[in-house]
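Below: one structure, written as structure tokens.
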Amino acid sequence: MNFKLAEHFLAQLSEAEKELPVSPALLGELFRQTSSDSPLSLDDISGTISRDQALTAGVLSRANSAYYGFQGKISSISRAISLLGLSELRKILLFVTMSALSRKADQNVIDLGNYWEHQCLVAFLSQELGILCARDDYQELFVTGILHDLGKLMLVLYQPQVWRKVSEISAQKKVAFFQAEHEFWGLDHAVAGALVLKSWNLPEAITEAISAHHSPETAEQACAEQAMIVSLADAISYHHDREISREYHQIIGLLGLDEQKTMEAALKVSSDPGLVSLQRMLVH
């Protein structure tokens, strides 16, 4: 076990905020302002975003992308918010942050196309599963899905040699990436990603579900269902056209879902044209 190297990596994560195009304090403030129970007006939120020129440009660029497909150019933050709504604005804030972060990754180490394809599919699946579970926070589950493998991106940015070694172990032993991580240094990307997101002041419901998405049974009770949903979405993303393992059948049962309807919904989501549009927006 490479415990000392793992400790060094965890220390490096405290520097992750330096890689962001927007400060964690501002990101956290905007997440609070755009929550469903926020008392602030659209003008207040627009004013907060407008304090940061790079963030303003990024939000407007995404709002005008093919993914949203609005007719006519959106030229102001207030107009973007009124058209998109707060839930979509939250997503855009993360799209701006995550796409900027991923562009710093060495593409000789990670295929960003494949990375974002997986993140987007898990986001769409998490949202759909949330709807099937009759949850009100299905939009937040989308956000959780898009962020669930942030720890992998951190690994590539700070320890690319470990990424290569873990990938090698995963391929040679035919085990999941997180299992190879545990074998190599007793730490997995889910925990690493959650630690970074906590430092960015994101809500606990998101960070806890991400931390436990490979072991949902360890999630705090208040976030247990969210963790199961993201875990199931992650599994289905790899197996939506074939049988999933027994443990995920159990999760489907615990969530009170019908297995056939769940897999039918997954197939439908996997062919959603919005997936490709979102991937293009995040990669470029």
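Mapping to numbering that gives the first Met the number 0: the sequence shown position 7 is 6, numbers consecutive.
For glycine and all other residues, C-beta sits at the position ideal for the given N, C-alpha and C.
Note that the structure is predicted; figures quoted are calculated from it, not measured.
Taking 8 angstroms as the limit between beta carbons, can you name the residues of its chain near residue i, skipping five residues before and five after?
i     : result
Ser77 : Leu41, Asp42 and Ser45
Leu19 : Leu26, Thr96, Ala99, Leu100 and Trp199
Leu12 : Met153, Tyr157, Ala191, Leu194, Val195 and Ser198
Could you compute how far the alpha carbon of residue i sits from the alpha carbon of residue j?
i      : j      : result
Ile73  : Leu26  : 22 angstroms
His212 : Leu82  : 33 angstroms
His117 : Ser64  : 20 angstroms
Asn1   : Met227 : 29 angstroms
Lys17  : Met153 : 12 angstroms
Glu258 : Val174 : 25 angstroms
Leu253 : Gly129 : 13 angstroms
Gly68  : Lys3   : 49 angstroms
His248 : Leu39  : 43 angstroms
His238 : Met280 : 25 angstroms
Ala265 : Ala5   : 35 angstroms
Which residues in the same chain have their Cβ closer than 7 angstroms to the Cβ of residue i, if we skip the five residues on either side of it in sequence?
i      : result
Leu111 : Ser101, Ala104 and Val282
Ser49  : Thr55 and Ile76
Pro159 : Asp105 and Val108
Leu88  : Thr33 and Ile80
With a 10 Å radius around its C-beta and 16 neighbouring C-beta atoms as the bar for buried, classify residue i as buried or exposed.
i      : result
Asp136 : buried
Asp148 : buried
Thr217 : exposed
Ala221 : exposed
Arg163 : exposed
Ser35  : exposed
Ser270 : exposed
Report, in whole angstroms, the separation of the C-beta atoms of residue i and residue j, which I expect to be a contact under 8 angstroms.
i      : j      : result
Val121 : Ser236 : 5 angstroms
Leu131 : Leu256 : 6 angstroms
Gly144 : Ser125 : 4 angstroms
Given 6 angstroms as the limit, tell me if residue i has its C-beta closer than that to any heavy atom belonging to the ligand NAD.
i      : result
Ser125 : With respect to small molecules bound, the structure shown includes none, and the ligand NAD cannot be examined in it.
Sufficient close CB pairs (3 or more, under 8 angstroms) joining the segment 125-140 to the segment 182-201: These segments do not touch.
Validate contact between the segment 164-173 and the segment 121-132 using beta carbons, cut 8 angstroms, 3 pairs: Flag = no, the segment 164-173 and the segment 121-132 do not touch.
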